Every structure is written in structure tokens, then in C-alpha cells.
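Each residue of the sequence shown is one higher than the one before, counting from 44 in our numbering.
Don't be surprised by glycine CBs; every beta carbon is placed ideally from N, CA and C.
These numbers come from a predicted model, not from an experiment.
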Amino acid sequence: MSTDNALVRSQKLLWNGLPESTKGPRPALTLDQIVVSAVELADTEGVEALSMRRLARELGVGTMSLYRYVPGKVELINLMVDRVVGGSRDRFADLGDDWRAVLERSARQGRLTYLRHPWLLQVNLARPILGPGSVADFAATMRGLRSMPLTDREKVAVLTAVEGFVVGTVREEILYEKAAEETGMSEEEFWELQLPYLESAVETGEFPGLEDVDEGAFDGTWEETFDTGLAAMLDGLELRLTSGH
Numbered sequence: 044m045s046t047d048n049a050l051v052r053s054q055k056l057l058w059n060g061l062p063e064s065t066k067g068p069r070p071a072l073t074l075d076q077i078v079v080s081a082v083e084l085a086d087t088e089g090v091e092a093l094s095m096r097r098l099a100r101e102l103g104v105g106t107m108s109l110y111r112y113v114p115g116k117v118e119l120i121n122l123m124v125d126r127v128v129g130g131s132r133d134r135f136a137d138l139g140d141d142w143r144a145v146l147e148r149s150a151r152q153g154r155l156t157y158l159r160h161p162w163l164l165q166v167n168l169a170r171p172i173l174g175p176g177s178v179a180d181f182a183a184t185m186r187g188l189r190s191m192p193l194t195d196r197e198k199v200a201v202l203t204a205v206e207g208f209v210v211g212t213v214r215e216e217i218l219y220e221k222a223a224e225e226t227g228m229s230e231e232e233f234w235e236l237q238l239p240y241l242e243s244a245v246e247t248g249e250f251p252g253l254e255d256v257d258e259g260a261f262d263g264t265w266e267e268t269f270d271t272g273l274a275a276m277l278d279g280l281e282l283r284l285t286s287g288h
């Protein structure tokens with residue numbers, strides 16, 4: 044299947060919806076029903092469990108019937124991504140010209156989106172399909188950053204950096220939560236098995252600085268980790284802008 048053709052087909056579905064049928068029975072499904080069901084399936088069982096056959100079964104139709112609506116899984120995922128990443132067009136309207144508040148809300152809402160839809164981390168979003176949802180989200184964000192004393196190119200670089208921070212921390216959080224399930228070992232068992240080796244390493248004196256680390260250094264929650272990292276990132280950006288560098 045040509046990627047270019049999949050892109051064109053995705054764009055037509057995203058912007059124009061299903062073509063009107065002039066012959067035959069009225070369509071039994073809407074594009075919205077299909078995308079919502081696909082997102083729910085991926086949320087529950089992962090994107091690897093998503094197939095046209097499985098989705099058709101969830102919708103109560105034949106697999107070939109589903110292909111009449113969506114040509115394939117590539118186009119389906121493009122529709123799903125645009126659905127879940129598209130935020131409200133006025134989601135920053137109450138923040139006025141506070142660019143820092145806009146970036147913070149964008150980051151926090153982005154984190155929640157990835158946690159609700161972890162399958163997004165398995166989709167390559169480096170070259171996003173620009174559907175109505177993602178375009179509206181980008182437009183709202185750029186409008187919210189209008190007071191930021193940077194060029195548009197620099198603003199996009201900032202947004203990319205913040206998104207990278209969000210994706211990185213969420214990925215770590217999700218992998219952490221999966222570790223117990225994948226290894227069959229609890230958090231307590233994991234550290235108890237390693238503790239004797241860590242204590243021996245400290246006693247050797249070969250790792251200066253290790254003995255000064257507080258016992259509770261790794262007891263922070265993922266929310267604390269995210270809050271601290273985001274604040275440090277935005278503090279640095281604000282200092283850079285106010286100092287004129």
C-alpha cells in the first residue's frame with residue numbers, strides 16, 4: 044500500500060468525512076462511531092490488538108463492510124490520532140496573554156492525553172497528519188503564545204521541546220507501571236534483591252557521593268517528577284526571555 048495514497052485517503056476522510064452514497068442502502072455506521080470504537084479498543088487492549096477484523100466484530104459488521112468506510116488500519120490510526128490530540132479551540136481563552144500558563148496547561152493536558160491513550164506512544168508522530176483536530180489545537184496554542192517575545196520558528200521549537208519532555212516522562216511512567224506485570228516481581232522485591240549490592244558498593248568507597256544520597260530520594264511520585272521538571276523548564280525559559288538572551 045502506498046504511503047502517499049494512504050495520506051491522501053486520510054486527509055479526505057479527516058476533512059470531508061464519508062462520501063455521500065447515491066446508490067444502495069443508507070450506511071449503517073458513521074465515521075464518528077468507527078473512530079470512537081477504535082480508540083476505545085486501543086485504550087483497552089493496545090494498538091497492536093487493533094485490526095480491521097477485530098474492530099468490525101466490535102461494531103457488529105462484516106470486515107469487508109468496514110472497508111467501505113475506512114480503507115485500512117493506516118487511515119484508521121490517522122483518524123484516531125486526530126481525534127484524541129485535538130483539544131478545545133478555546134482551551135486557552137481564559138489565560139489571556141500569559142504564555143507560561145498556556146505552555147503549562149498544554150503540557151499537563153498532553154500528559155493526561157498520553158496516560159488515557161498510551162497507544163499514542165507507539166504511533167510515530169514525527170510527521171503528523173494535519174487533520175481538523177490537530178490544526179485547531181496548534182492554532183489555539185499559537186494564539187495563546189502571541190505575547191511570547193519569540194519568532195514563530197522559536198515558538199515551534201519551544202513547543203517541540205515541551206512535547207519531548209511530556210512524552211519522555213509519560214513513557215517512563217507507563218514503563219514503570221508495566222514493570223511489575225512483565226517481571227512478576229513487586230516493587231519491594233525488586234529493591235530488596237538489589238539492596239545488599241548497593242550497600243556493598245557504598246562501603247567500598249569507590250562511588251563517592253553515593254553515601255550522601257537520602258534514602259527517600261526515589262520515593263517521589265510521578266506527578267512530583269512531572270511538576271518539578273516542567274517548572275524547571277519553564278523557569279529557565281522565562282529567565283532567558285526576561286534577560287533578553
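Alpha-carbon spacing of Asp-75 relative to Pro-175, whole angstroms: As a working mapping, residue 75 is identified with position 32 in the sequence shown. As a working mapping, residue 175 is identified with position 132 in the sequence shown. Rounded to whole angstroms, Asp-75 to Pro-175 spans 14 Å at the Cα level.
Pro-175, enclosing alpha helix (DSSP H) - first and last residue: Your numbering for residue 175 matches position 132 in the sequence shown. Boundaries of the alpha helix (DSSP H) around Pro-175: 175-187.
Alpha carbon of Thr-285 to alpha carbon of Thr-194, nearest angstrom: For the purposes of this step, residue 285 is taken as the residue at position 242 of the sequence shown. For the purposes of this step, residue 194 is taken as the residue at position 151 of the sequence shown. So the alpha carbons of these two residues sit roughly 15 Å apart.
Nearest residue (CA-CA) to Met-123, options Glu-235, Tyr-219 and Pro-161: Taking the sequence shown and counting its residues from 1, one reaches residue 123 at position 80. Looking from the CA of Met-123, the closest CA among Glu-235, Tyr-219 and Pro-161 belongs to Pro-161.
Cα-Cα separation between Glu-232 and Ala-223, rounded to whole angstroms: Sequence index remark: in the sequence shown, residue 232 carries index 189 (1-based). Sequence index remark: in the sequence shown, residue 223 carries index 180 (1-based). Between Glu-232 and Ala-223, the C-alpha separation is close to 10 Å.
Local conformation of Met-44 per DSSP, three classes: Along the sequence shown, one-based indexing puts residue 44 at 1. Per-residue confidence for Met-44 stands at a pLDDT of 47, beneath the threshold of 50, marking its modelled position as unreliable; no derived number is given.
Test item: CB-CB of Ala-71 and Leu-98 under 7 Å: In the sequence shown, residue 71 corresponds to position 28, counting from 1. In the sequence shown, residue 98 corresponds to position 55, counting from 1. Not a contact, by the Cβ cut-off of 7 Å.
Status (buried if at least 16 other CB within 10 Å, exposed otherwise) for Met-44: Numbered from its first residue, the sequence shown carries residue 44 at position 1. In this prediction, Met-44 scores a pLDDT of 47, lower than 50, which makes its location untrustworthy; no coordinate-derived value is stated.
Local Cβ density within 10 Å of Leu-109, reported as buried at 16 or more and exposed below that: Start at 1 with the first residue of the sequence shown, and residue 109 comes out as number 66. Buried is the call here.
Cβ pair Val-209, Arg-154 closer than 7 Å: Here residue 209 refers to the residue found at position 166 of the sequence shown. Here residue 154 refers to the residue found at position 111 of the sequence shown. Yes, Cβ-Cβ distance for Val-209 and Arg-154 is below 7 Å.
Simplified DSSP state of Val-127, which is helix, strand or coil: As a position in the sequence shown, residue 127 is number 84, starting the count at 1. Three-state result, Val-127: helix.
Beta-carbon gap between Ala-183 and Phe-135 smaller than 7 Å: To locate residue 183, count along the sequence shown from 1; it is residue 140. To locate residue 135, count along the sequence shown from 1; it is residue 92. Against a cut-off of 7 Å, the Cβ pair of Phe-135 and Ala-183 comes out as a contact.
Burial state of Asn-59 (16 or more Cβ within 10 Å): Walking along the sequence shown from the start, residue 59 turns up at place 16. With fewer than 16 Cβ atoms within 10 Å of its Cβ, Asn-59 is classed as exposed.
Alpha helix (DSSP H) segment containing Trp-265, residue limits: As a first step, residue 265 is located in the sequence shown; it is residue number 222 there, counting from the start. Segment 265-285, the alpha helix (DSSP H) holding Trp-265.
Limits of the unbroken alpha helix (DSSP H) element including Gln-152: As a working mapping, residue 152 is identified with position 109 in the sequence shown. Note, Gln-152: alpha helix (DSSP H), 142-159.
Endpoints, the alpha helix (DSSP H) within which Phe-233 is located: The sequence position of residue 233 within the sequence shown is 190, counting from 1. Where Phe-233 is concerned, the enclosing alpha helix (DSSP H) stretches over 230-247.
Straight-line Cα distance separating Thr-156 from Arg-52: Residue 52 sits at position 9 when you count from the first residue of the sequence shown. Residue 156 sits at position 113 when you count from the first residue of the sequence shown. Approximately 26 Å between the Cα atoms of the pair.
Distance CB(Ala-49)-CB(Val-117) smaller than 7 Å: The sequence position of residue 49 within the sequence shown is 6, counting from 1. The sequence position of residue 117 within the sequence shown is 74, counting from 1. Cβ distance < 7 Å, so Ala-49 and Val-117 count as in contact.
Beta-carbon separation (whole angstroms), Leu-241 vs Gly-187, contact threshold 8 Å: The residue you call residue 241 lines up with position 198 of the sequence shown. The residue you call residue 187 lines up with position 144 of the sequence shown. Not quite, the Cβ-Cβ distance comes to about 46 Å (not below 8 Å), so this is no contact.
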